[in-house]
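*Asks:*
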């Protein structure tokens, strides 16, 4: 979720009212699904929870939303778009590279430091979240007064042209920018697979920007003296770039800018951007009443929608037509509108209603049986522990003196310690004990938990999540007999009968290890832990251990 | 004052007025030394005996001294090694350790000499060395004498001390004599019954206990701390949460730890380019990397819902849905995946289901973040459920699970519910805490899964409550690797 910083006095001045307390301000922010994460004097750190509404990721957008709920300004926000004679020509070679572009001119802006900071913050949040790290949307802001229209959105070869990228005086080719410029290194992967790169130039051939990487250091540069801005938004889909452009220009208009449109000549036809024509949605009022559980009239719904910055009217009885600013593209379904009605109504003004559905609750069978097994283990004087299931092959195999087996492999581990999910619990139990060698012995522990094994017979994932039981006892008198007594007694308590056979397992001492068999099937292993394993873990105390696959037991138990 | 049996025994033993050492008293009373010491402390407190202390110092053997006494000094070991080698050996081949000390002292005692230079340098046994091969020298004799407490020449003592074979030990010897009051008291003591420290089957069978006194315990004496085997504290907490949910009529759901992205995201209407699905926010598997999607019919519905809304009344996300992405495998990232699975497998309607699901997210592991965690997930399926029911369920959770005194609801956002709510609860001790989120599943989620009635979904954030209940500030202690802490921690956990 986007976290933004806003100034309290700036927010209050945009709303047109001062909050009496920080608590009141917090309540206001909730209308914009925004949560106060921190307050430092005048600076508010705000988490905007809706990752689908870029129109709320700026102080201007939040203020617009709050003004409606405070009834300071209701209904559809009004913006004037004047036309201009500026044209942008789109190269058809961009079709498979980065085809979508929308542009606008905003004149007469007088941006103070805070407004510039907000603009850059919004740009960054849109890039990151809405634009999926610039892949879907990248925004360029440049000085319109230095641009000589018409403008060309072209595809150039990596070494075809040279220009100084933002922050540099030296001229570089696009290929050099991808290699040397920090932004080129960060976002180069979005275009370096193509034989040509997108570029935006004016009629004199001056470079404005190289989307989605960087602006030029000449006409693509903006400072506090810039009064007239040229905004370009490029991306993969026309719908996304237009929404992002609409968000940008309305924010600038809230700061006093005048929006002028641009004509885009694309291979698919001509369009004029930005386009602030309201979007329309038709809502069945009965469904809204039903899902919210309140008896509100059609008219009341209309009024609540106006608080949520919609224009709305009752078309026919039970049918409401609502129009909203095309800075939103999150309204996919009538339910999205119903939520806005609920927010205007006030979440805490609804009367909570108890669900009267008489059902019988129950634990799953595996969990019920697991609980019984845990009880038994505690009865044997074993302390329950819970270890992490994320681990690595070193713990599972190398340190255990075991042959490596196939286990799941995480593609993007955050640390070499957590590269897989365990296929056995015992290694994790021994790791646990290795961290407690200074603690009083004897140490007797067990865990009932999940493991994941590779199982091609599984139809969906080719893996199986199983429940295992593992026991480890470290004490100066630990012996094979002790662990066998527990395992055998465990079987009898479950009214089962285990058989024991000699087995191979490097984790245990030869001659003091056994496979645990149930109805002819191997379900586990037990024995005296091999001193080599104890040495690997720096444990100096003799240890016996067992691990049992509980799935077979669950299957067999009546 | 009532004397204890041991006190009476000691007092009777010294009634003749002589002065006795503790050793003598152990012999006379047949009590163990600690019992004698304890009895004297008691008697002294009552003023029945006087105690005189005599301080003295004496040499005793260090561990190394003991070893030298048993096996001989290192220079003697060197002599033995040389005899085994035929009288001489290269310095670099000498095995006796520490080599330099052994050779040094052997030369000093005239038992060996050095011949040759550099690599050829060797140790040669002298005639004197051969002579002394098996007869203890004065140093070794001294060690034995010190062990017995006999006198030893001061010069040798000093040498042994410098070699770290002996050390000076301060000793306090105590002598006890009866006082006038003590003598008076002793006269009052008539009979001292035989005392029993521990009952045995024999004592019970023979009835011997009738004629004996059973040793009293000081009930205020501290005892060793022992720990019961019990549930892991966090598990004990989770068990309570489960119990509560079951009592509220919820049935438990189960599912695999390795999920298809289809269940974790696509079935929940999270678009395939959603930020939560990126490399940095969710784990993916390299092996096995892809699984097989469920039934064609279901996949087709989900695909169409993402692309154009299918029959859900939605516009859809308007992109080309990829089977490849949906079939990628991942460790489960949200418990909601289980709800999607349950909804797709003909659940009871009306019905209530819950899960405490282990989930994974690529994060750092520190005092406030876990790399794997448990999510409490609940769904309620039923005709006519509405927004007010979400609030009702959340309120009930807050009261039942967190003993909340008050609740507040806030707008929230989840990709799979609309409308969505966040629950803030006023806990009697923690104050206002965010306890979870909920909403009604979008129709884009329920309809493709074959559910035509509203489904309320809630996720409870219970880890903060767990930390409070367990009295911990470091979230890693939920999965504690500290056995001492687990042993000491009470498992009596109530919600």
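Protein chains in written order, with my numbering: chain A, -17 to 540; chain B, 7 to 501. Each residue gets a CB set at the ideal place from its N, CA and C atoms; glycine is no exception. None of the values given here were measured: they were computed from a predicted structure.
#1: Please specify which runs of the beta strand (DSSP E), each continuous and at least 3 residues long, are wholly inside the region 453 to 507 of chain A, giving them in chain order.
#2: Mind checking which residues open and close the alpha helix (DSSP H) that includes residue 240/B?
#3: Sorted by chain position, which residues of the same chain lie with C-beta nearer than 7 Å to residue 297/B's C-beta, five sequence neighbours on each side aside?
#4: Roughly how many angstroms separate the alpha carbons of residue 193/B and residue 463/A, rounded to a whole number?
#5: Go to residue 342/B, then tell me how far its alpha helix (DSSP H) extends in each direction, as first and last residue.
#6: By the 10 Å Cβ neighbour count, where 16 or more other Cβ atoms means buried, how is residue 555/A classified, buried or exposed?
#7: Is it the case that the Cβ atoms of residue 84/B and residue 112/B are separated by a distance below 7 Å?
#8: Using 8 Å for Cβ pairs, my map puts residue 275/A next to residue 395/B. What's the rounded Cβ distance?
#9: So, using beta-carbon positions, are residue 172/B and residue 65/B closer together than 7 Å?
#10: What is the rounded straight-line gap between the Cα of residue 290/A and the Cα of residue 439/B?
#11: Take the Cβ of residue 104/B as the centre, count every other Cβ of all protein chains shown within 10 Å, and call the residue buried at 16 or more, exposed below.
#12: Is the region 276 to 286 of chain A touching the region 342 to 358 of chain A in the sense that three or more CB pairs, one from each, lie closer than 8 Å?
#13: Within the 7 Å Cβ cut-off, does residue 515/A reach chain B?
#14: Would residue 12/A pass as an interface residue toward chain B - the criterion being a Cβ-Cβ separation below 7 Å?
#15: What's the C-alpha gap between residue 47/A and residue 13/A?
#16: Determine the extent of the beta strand (DSSP E) in which residue 241/A is found, giving its start and end residues.
#17: Specify the secondary structure class of residue 180/A as computed by DSSP and reduced to three states.
#18: Report the residue from 195/A, 124/A and 64/A whose alpha carbon sits nearest the alpha carbon of residue 208/A.
#19: Out of 347/B, 368/B and 276/B, state which residue places its alpha-carbon closest to the alpha-carbon of residue 325/B.
#20: Spell out a yes or no on whether the region 365 to 384 of chain A and the region 417 to 437 of chain A are touching, meaning 3 or more CB-CB pairs, one atom from each, closer than 8 Å.
#21: For residue 385/B, I'd like the list of residues in its chain whose CB is within less than 6 Å of its CB, leaving aside the five on either flank, ordered along the chain.
#22: For residue 247/B, tell me which candidate among 19/B, 408/B, 356/B and 427/B has the shortest Cα-Cα distance.
#23: Is residue 154/A close to chain B, meaning its C-beta is less than 7 Å from at least one C-beta of that chain?
#24: Taking a Cβ distance cut-off of 7 Å, strictly less, list which residues of the region 266 to 282 of chain B are near chain A, in chain order.
#25: Got a sec: which bits of the region 365 to 376 of chain A sit with their beta carbon under 8 Å from any beta carbon on chain B, in order along the chain?
#26: Which residues, in order along the region 213 to 241 of chain B, keep a beta-carbon less than 7 Å from a beta-carbon of chain A?
#27: Determine which residues of the region 124 to 135 of chain B have a Cβ less than 9 Å from any Cβ of chain A, and write them out in chain order.
#28: Could I get the ranges of all uninterrupted alpha helix (DSSP H) runs contained in the region 388 to 433 of chain A, with 4 residues as the minimum, in chain order?
#29: Mind checking if residue 297/B is an interface residue toward chain A, Cβ cutoff 7 Å exclusive?
#30: Helix, strand or coil: which one does DSSP assign to residue 305/A?
#31: Do residue 529/A and residue 473/A have their beta-carbon atoms positioned less than 7 Å apart in this structure?
#32: Distance, Cα to Cα, residue 300/A vs residue 267/A?
#33: Under 7 Å, do residue 5/B and residue 352/B count as touching if we go by C-beta distance?
#34: Could you tell me the boundaries of the alpha helix (DSSP H) in which residue 209/B lies?
#35: Under a CB-based cut-off of 7 Å, is residue 211/B close to chain A?
#36: Cα-Cα, which of 25/A, 15/A and 10/A is closest to residue -8/A?
*Replies:* Well, looking at it:
#1: 480 to 484 and 490 to 500
#2: 239 to 253
#3: 266, 333 and 335
#4: 60 Å
#5: 342 to 350
#6: Outside the displayed span of chain A (-17 to 540) sits residue 555/A, for which this structure offers no information.
#7: yes
#8: 7 Å
#9: yes
#10: 28 Å
#11: exposed
#12: no
#13: no
#14: yes
#15: 7 Å
#16: 240 to 248
#17: strand
#18: 124/A
#19: 276/B
#20: yes
#21: 345, 359, 461 and 463
#22: 408/B
#23: no
#24: 266, 279 and 281
#25: 365, 366, 367, 368, 369, 370, 371 and 372
#26: 235, 236, 237, 238, 240 and 241
#27: none
#28: 408 to 416
#29: yes
#30: strand
#31: no
#32: 5 Å
#33: A question about residue 5/B goes unanswered here, because the residues of chain B that appear run from 7 up to 501.
#34: 207 to 212
#35: no
#36: 25/A
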